[in-house]
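These notes concern the structure reproduced below.
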Amino acid sequence: MYIVSACLLGINCKYNGENNYSEAVESLIKGHRYVAVCPEVSAGMVPPRPPSEIRNDRVYSKEGDDLTELFLEGAEASWEEALQEAERFGEDIELAILKARSPSCGAGVIYDGTFNSVRVKGDGFFARVLKEKGIKTITEEDC
Ligand code: SF4
Numbered sequence: 015m016y017i018v019s020a021c022l023l024g025i026n027c028k029y030n031g032e033n034n035y036s037e038a039v040e041s042l043i044k045g046h047r048y049v050a051v052c053p054e055v056s057a058g059m060v061p062p063r064p065p066s067e068i069r070n071d072r073v074y075s076k077e078g079d080d081l082t083e084l085f086l087e088g089a090e091a092s093w094e095e096a097l098q099e100a101e102r103f104g105e106d107i108e109l110a111i112l113k114a115r116s117p118s119c120g121a122g123v124i125y126d127g128t129f130n131s132v133r134v135k136g137d138g139f140f141a142r143v144l145k146e147k148g149i150k151t152i153t154e155e156d157c
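Set out below in structure tokens:
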């Protein structure tokens, strides 16, 4: 069972109501069972919503609201969704394919919290949960 960031599969859950469809991701998951999750929607942050970035280990919207608790909740909720789906089919979770640089899904590299497209080392909140659980994470840029 793979976990996939839902926006990579064409689901319009991105902050601006659009998606991040990736043909490479679609090819990679062909023939595999997968569960598509969006931690921000899981936390009730339906689109459209302001973009958010991580600064000093907390998540802020571009408007300056501290959304840290919501992002933590969303990350846990999406993990639970994925786990339940894996259990339903009696499968292990082998891999998570995540949207690069998102404050939820980014894995290895994120934006620095200035909303100036500056990249820094780090993980989004959902990627952190997955790594803590020992799940291998990649992004669409690794596909
Ligand atoms: S939280 Fe993850 S799945 Fe949801 S829109 Fe952002 S990058 Fe995509």
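Numbering of the sequence shown is given in the working numbering, commencing with residue 15 and proceeding in unit increments.
Yeah, the Cβ is synthetic: ideal placement off N, Cα and C, and Gly gets one too.
_Whole-angstrom C-beta distance between proline 65 and tyrosine 29, which should lie under 8 angstroms_ = Position 15 of the sequence shown, counted from the start, is the residue given in the question as residue 29. Position 51 of the sequence shown, counted from the start, is the residue given in the question as residue 65. Right, the Cβ-Cβ distance comes to about 5 angstroms (below 8 angstroms), so this counts as a contact.
*Look up glutamate 67 in the DSSP assignment and give the residues it is bridged to.*
As a position in the sequence shown, residue 67 is number 53, starting the count at 1. Partner(s): Tyr74.
*Starting from the C-beta of aspartate 126, find all residues in its chain whose C-beta is less than 6 angstroms away, skip the five residues before and the five after it, and write them out in chain order.*
Here residue 126 is taken as the residue at index 112 of the sequence shown, counted from 1. Once the five neighbours on either side are set aside, the close Cβ partners of aspartate 126 are Val132 and Val134.
*Using the beta-carbon count (16 or more within 10 Å), is aspartate 80 buried or exposed?*
Position 66 of the sequence shown, counting from 1, holds the residue named residue 80. Label assigned to aspartate 80: exposed.
*Flag lysine 28 as yes when its Cβ comes closer than 6 angstroms to any non-hydrogen atom of the ligand SF4, and as no otherwise.*
Residue numbering aside, residue 28 sits at position 14 when the sequence shown is read from its first letter. Yes; taking the cut-off as 6 angstroms, the Cβ of lysine 28 has a heavy atom of the ligand SF4 nearer than that.
*asked:* Assuming the contact rule is C-beta atoms closer than 8 angstroms, alanine 38 and cysteine 27 should be a hit. Round their C-beta distance to whole Å, please.
replied: Taking the sequence shown and counting its residues from 1, the one referred to as residue 38 is at position 24. Taking the sequence shown and counting its residues from 1, the one referred to as residue 27 is at position 13. No, alanine 38 and cysteine 27 are not in contact; Cβ-Cβ is about 19 angstroms, not under 8 angstroms.
*asked:* Checking the sheet assignment: what are the DSSP bridge partners for leucine 112?
replied: Reading the sequence shown from its first residue, position 98 is the one you call residue 112. Its beta-bridge partners are Thr153.
*Sheet register partners of tyrosine 16 (DSSP bridge)*: Stepping through the sequence shown from its first residue, residue 16 is reached at position 2. Beta-bridge pairing links tyrosine 16 to Tyr48 and Leu109.
*asked:* Tell me the DSSP secondary structure of isoleucine 43 in three-state form.
replied: Working through the sequence shown from its first residue, we reach residue 43 at position 29. Looking at isoleucine 43 - three-state DSSP - the assignment turns out to be helix.
*Within the chosen definition, does the stretch 104-113 reach the stretch 68-75 through at least 3 CB pairs nearer than 8 angstroms?*
Contact check between the stretch 104-113 and the stretch 68-75: fewer than three CB pairs, one atom from each, fall below 8 angstroms, which does not count as touching.
*Any heavy atom of the ligand SF4 within a distance shorter than 6 angstroms of the CB on cysteine 157?*
As a first step, residue 157 must be located in the sequence shown, where it is residue number 143. No, the ligand SF4 has no heavy atom inside 6 angstroms of this Cβ.
*Identity of the residues DSSP links to valine 123 by a beta bridge*: Numbered from its first residue, the sequence shown carries residue 123 at position 109. In the DSSP output, where bridge partners are listed per residue, valine 123 has Lys135.
*Just tell me which of Phe129, Ser118 and Phe103 has its CA closest to the CA of histidine 46.*
In the sequence shown, the residue the question calls residue 46 occupies position 32. Ranking the options by Cα distance to histidine 46, first place goes to Phe103.
*Limits of the unbroken alpha helix (DSSP H) element including alanine 89*: On the sequence shown, residue 89 is found 75 positions in, with the first residue counted as 1. From DSSP, the alpha helix (DSSP H) with alanine 89 extends over 82-102.
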